[in-house]
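Enquirer: Just so we're aligned, residue 435 is where the sequence shown starts under this note's numbering, counting upward by one.
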Amino acid sequence: MTDHGTAIEWTHRPGTKGETWNPTLGCSIASHGCIRCYAAKSAWRKNFNPKTPQYHGLTRRVNGHPVWTGELRLAPEATLLKPLGWREPRTVFVNSMSDLFHENVPDEWIDRVFAIMALCPQHTFIVLTKRAQRMYQYFDETVKQFRSQIQNYISMARGLAPDCERPFNVDFLHLPNVWLGVSAEDQERAEERIPLLLATPAAVRFISAEPLLGPIDLARITRVGDGIKYDALRGLRSFVIGADGDGRAMYDAPEKLARLDWVIVGGESGKDARPMHPAWARSLRDQCAADGVPFFFKQWGEWAPHRIEPGGDLGGDIRAGRVKIVHPTGQSDVEVAIATSGRGTIPGSCYMACIGKRAAGNSLDGEHHLAWPVQP
Ligand code: SF4
435 MTDHGTAIEW
445 THRPGTKGET
455 WNPTLGCSIA
465 SHGCIRCYAA
475 KSAWRKNFNP
485 KTPQYHGLTR
495 RVNGHPVWTG
505 ELRLAPEATL
515 LKPLGWREPR
525 TVFVNSMSDL
535 FHENVPDEWI
545 DRVFAIMALC
555 PQHTFIVLTK
565 RAQRMYQYFD
575 ETVKQFRSQI
585 QNYISMARGL
595 APDCERPFNV
605 DFLHLPNVWL
615 GVSAEDQERA
625 EERIPLLLAT
635 PAAVRFISAE
645 PLLGPIDLAR
655 ITRVGDGIKY
665 DALRGLRSFV
675 IGADGDGRAM
685 YDAPEKLARL
695 DWVIVGGESG
705 KDARPMHPAW
715 ARSLRDQCAA
725 DGVPFFFKQW
735 GEWAPHRIEP
745 GGDLGGDIRA
755 GRVKIVHPTG
765 QSDVEVAIAT
775 SGRGTIPGSC
785 YMACIGKRAA
795 GNSLDGEHHL
805 AWPVQP
């Protein structure tokens with residue numbers, strides 16, 4: 435069994451060692467998926483440890499929860515160069531404690547990170563961001579400058595690793611060992627970020643739907659005002675051409691473009707985690723199966739589907755906060771109560787029990803889903 439350098443399951447790719455690499459440290463909230471940021475909790479645990487001064491002052495506590503202060507630190511050069519010293523193949527989560535495309539990371543620093551990744555074809559680097567717009571712009575601007583800048587860029591990369599004899603892959607825009615992904619916690623964030631990801635050059639594109647906080651239909655990624663619909667798993671794009679008699683949008687024949695190559699799903703863990711409705715996870719599993727896209731079910735998180743036992747005290751468990759009703763739309767109890775004029779429930783609502791991440795596990799309907807895309 436490989437001795438992995440991180441517990442993050444989707445880095446445990448067969449034949450490689452799972453690893454994290456943090457060329458930057460620190461972050462700030464990008465959307466409601468960040469509210470219980472796992473990385474901020476982890477940084478807070480190191481906040482007062484004299485052995486980890488690089489984390490001091492990056493987080494503070496608000497209402498009992500660790501949050502980022504907003505400061506972002508660039509790693510020392512030794513950290514930046516670390517992957518060059520790893521001999522065996524690793525699957526590396528880039529910036530598990532930050533976001534590479536955070537607005538405070540200079541373009542030149544991102545260049546350096548990509549230089550290192552280009553010089554390490556033996557490793558696979560997984561870059562996950564919530565800043566899809568910045569990632570798209572970074573590549574778009576690089577594309578424009580690419581031809582004239584390439585020699586400077588190669589020199590810079592070689593300058594970082596003067597002893598490196600490895601061939602340098604000049605197709606910087608499609609490095610086969612760099613997988614680019616965006617987080618998508620619900621349909622709104624999927625629609626905001628996936629079109630930008632599909633327009634970004636990458637060898638492998640993926641989404642991480644963790645924490646999954648609402649349903650996502652990847653075949654209907656539409657953006658208000660754009661008049662475009664994406665079928666993200668099949669790689670199709672259609673433009674609106676009008677509306678039918680009922681006011682529904684009509685689209686022209688779809689055209690092919692890039693598609694998603696991988697989908698990761700997980701529920702939230704830790705204190706005050708929000709539950710994931712099983713239907714949301716099942717739906718993404720089934721969408722991936724229908725289009726032959728690898729699906730990775732990472733975890734239920736803190737909450738798992740609740741089995742109602744004879745003689746149990748469901749009302750008491752709900753009042754005590756051990757069991758929650760979760761609505762299939764992702765709406766809160768208050769929103770549902772308003773929408774249903776006080777009836778307070780809608781078809782498909784389910785009970786979820788707070789049993790802890792370890793007990794909840796990662797089995798979905800009795801099966802483990804641990805699939806990765808094939809490295810191009
Ligand atoms: S983008 Fe990631 S690291 Fe940054 S606050 Fe959100 S969840 Fe945390």
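Quick reminder that beta carbons are idealized off the backbone N, C-alpha and C, glycines included. Just so we're clear, the structure is a prediction, and the values are computed from it rather than from any experiment.
Could you give the DSSP three-state label for I752: helix, strand or coil?
Expert: helix
Enquirer: Below 7 angstroms, is the gap between the Cβ of I655 and the nearest heavy atom of ligand 1?
Expert: Shortest gap from the CB of I655 to any heavy atom of ligand 1: 7 angstroms or more.
Enquirer: Going by C-alpha to C-alpha distance, which of S476, V697 and A666 sits closest to L562?
Expert: V697
Enquirer: Using DSSP with H/G/I as helix, E/B as strand and the rest coil, what is F730?
Expert: strand
Enquirer: Hey, how far is the Cα of C784 from the Cα of H803?
Expert: So the alpha carbons of these two residues sit roughly 22 angstroms apart.
Enquirer: Residues with a Cβ closer than 5 angstroms to any heavy atom of ligand 1, in chain order?
Expert: Cβ atoms closer than 5 angstroms to ligand 1 belong to C461, A464, C468, C471, A473, D533 and K564.
Enquirer: In whole angstroms, what separates the C-alpha of T436 from that of K451?
Expert: 6 angstroms
Enquirer: Using only CA atoms, which one of E743, D747, A738 and P762 lies nearest to A793?
Expert: A738
Enquirer: If you draw a straight line from the C-alpha of R671 to the C-alpha of A687, how long is it?
Expert: Inter-residue distance for R671 and A687 is about 9 angstroms (C-alpha atoms, whole angstroms).
Enquirer: Note the first and the last residue of the continuous beta strand (DSSP E) segment covering I698.
Expert: W696 to G700
Enquirer: Put S582 into one of helix, strand or coil per three-state DSSP.
Expert: Model confidence at S582 stands at a pLDDT of 44, short of 50, so the residue's coordinates are unreliable and nothing is read from them.
Enquirer: Identify which residue in L646, I789 and E453 has its Cα closest to the Cα of V528.
Expert: E453
Enquirer: Who does C784 pair with in a DSSP beta bridge?
Expert: According to the DSSP secondary-structure assignment, C784 is paired through a beta bridge with V760.
Enquirer: Just to confirm, are T774 and I759 a CB contact at a threshold of 8 angstroms?
Expert: No.
Enquirer: My guess is that I560 and V526 are in contact by the Cβ rule of under 8 angstroms, so how many angstroms apart are they, rounded?
Expert: 7 angstroms
Enquirer: Expressed to the nearest angstrom, what Euclidean distance is found between the alpha-carbon atoms of P781 and S766?
Expert: Roughly 14 angstroms separates the two Cα atoms.
Enquirer: Given a threshold of 16 other Cβ atoms within 10 Å of its Cβ, counted over all protein chains shown, does Q556 qualify as buried or as exposed?
Expert: Of the other Cβ atoms in all chains shown, fewer than 16 fall within 10 Å of the Cβ of Q556; this residue is therefore exposed.
Enquirer: I'd like to confirm the pairing. Which residues does DSSP put opposite A677 in its beta bridges?
Expert: A683
Enquirer: Would you report the Cα separation of V808 and R470, rounded to the nearest angstrom?
Expert: Going from the Cα of V808 to the Cα of R470 covers about 32 angstroms.
Enquirer: Is the CB-CB distance between P649 and E702 below 8 angstroms?
Expert: no
Enquirer: In three-state terms, what does DSSP make of D665?
Expert: strand
Enquirer: If I measure Cβ to Cβ from I463 and keep anything under 6 angstroms in the same chain, skipping five residues before and after, which residues do I get?
Expert: Correct list: empty, nothing qualifies.
Enquirer: Thinking C-alpha only, which one of A713, R568, T458 and P728 is nearest E505?
Expert: T458
Enquirer: Report the rounded CA-to-CA distance for D799 versus P510, giving the unit in angstroms.
Expert: C-alpha separation (whole angstroms): 45 angstroms.
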